[in-house]
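First comes the structure, then the notes that go with it.
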Amino acid sequence: MMLGFILADYWWFAIPGLILGLYAQAKLSSTYSKYIRIPTSNGLTGAQAAREILDQAGLVNMPVEEVGGHLTDHYDPLKKALFLSSENYHGNSLAAVGVAAHESGHALQHKAAYAPLHLRMAMVPITQFASYAWQGILLAGFFFNAFFYKFLGIAIAVFTVITLFQLITLPVEFDASRRAKQQLLRLGLVQANEAPGVSKVLNAAAMTYVAAMVTAVFQLLQLVMLSRNRD
Ligand SMILES: [Zn+2]
């Protein structure tokens, strides 16, 4: 997707995001694989922990479903349902319960009409459109280099939308983790001495969103530099 970009001037703007992205991925997989092996003291599975948090918040009708794949856990605001990957659904590890509580945190945000979540949801259609447009611009730019430079203004506008989406994702993710830790402790689903382990898993996951945001900001800067150079 970024081929045309890599060949352009200021290609080195891609390096910080790339390094941070690789670091975040490595950190997440090592942290997750460590805490997936550490069971919670009360033996609750991710699904049970999520159920408890949702029920206590009055969301008794919200389904908690199992979904295939690795770390595919998510909250679907349109279906108003929680989806947990098999290992977190059935697992009773600190990692499983932490991830399940994080996704429950998104449901709590939705119930509380947390503004950044609503802004992010509102941005989904335009961001999807921008992503398609961006891929089209890169594809066209790869074959017709002149085209890319001619439509740099449009490219910047399109990529600004994508960057703003990455930006608004950060408070949503950090807040969901904050709510997760709060509920896990308040409801006694994990003990105080287990909280640091949960935090490490959730912080490692959050780092991947920070890396995505940094990547986007640098790509946007690259586009701006290309356009300034041309003027
Ligand atoms: Zn999340």
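Taking the working numbering, the leading residue of the sequence shown gets 512, the next gets one more, and so forth. Backbone N, C-alpha and C fix where the C-beta goes; we use that ideal spot for every residue, glycine too.
Helix, strand or coil for residue i? Go by DSSP, reduced to three states.
i: residue 513; result: In this prediction, residue 513 scores a pLDDT of 45, lower than 50, which makes its location untrustworthy; no coordinate-derived value is stated.
i: residue 640; result: helix
i: residue 726; result: helix
i: residue 613; result: helix
i: residue 608; result: helix
i: residue 584; result: coil
i: residue 740; result: helix
i: residue 702; result: coil
i: residue 599; result: helix
i: residue 572; result: coil
i: residue 708; result: helix
i: residue 589; result: coil
So residue i is in the alpha helix (DSSP H); what residue range does that whole segment cover?
i: residue 596; result: It is not in any alpha helix (DSSP H) - residue 596 instead sits in the beta strand (DSSP E) that spans 592 to 596.
i: residue 557; result: 557 to 567
Please classify residue i as buried or exposed, where buried requires at least 16 neighbouring CB atoms within 10 angstroms.
i: residue 625; result: buried
i: residue 664; result: exposed
i: residue 709; result: buried
i: residue 657; result: exposed
i: residue 687; result: buried
i: residue 530; result: exposed
i: residue 605; result: buried
i: residue 741; result: exposed
i: residue 522; result: exposed
i: residue 684; result: buried
Is the separation between the beta-carbon of residue i and that of residue j shorter than 8 Å?
i: residue 694; j: residue 596; result: no
i: residue 729; j: residue 524; result: yes
i: residue 705; j: residue 551; result: yes
i: residue 574; j: residue 592; result: yes
i: residue 563; j: residue 649; result: no
i: residue 527; j: residue 669; result: no
i: residue 679; j: residue 634; result: yes
i: residue 716; j: residue 672; result: no
i: residue 546; j: residue 711; result: yes
i: residue 570; j: residue 538; result: no
i: residue 603; j: residue 533; result: no
i: residue 666; j: residue 734; result: yes
Since residue i is in the beta strand (DSSP E), which residue starts that stretch and which ends it?
i: residue 577; result: 575 to 578
Minimum length 4: unbroken alpha helix (DSSP H) runs contained in the region 512 to 552:
514 to 517, 525 to 546
Enumerate, from N- to C-terminal direction, the unbroken alpha helix (DSSP H) stretches of 4 or more residues contained entirely within the region 619 to 686.
626 to 654, 656 to 661
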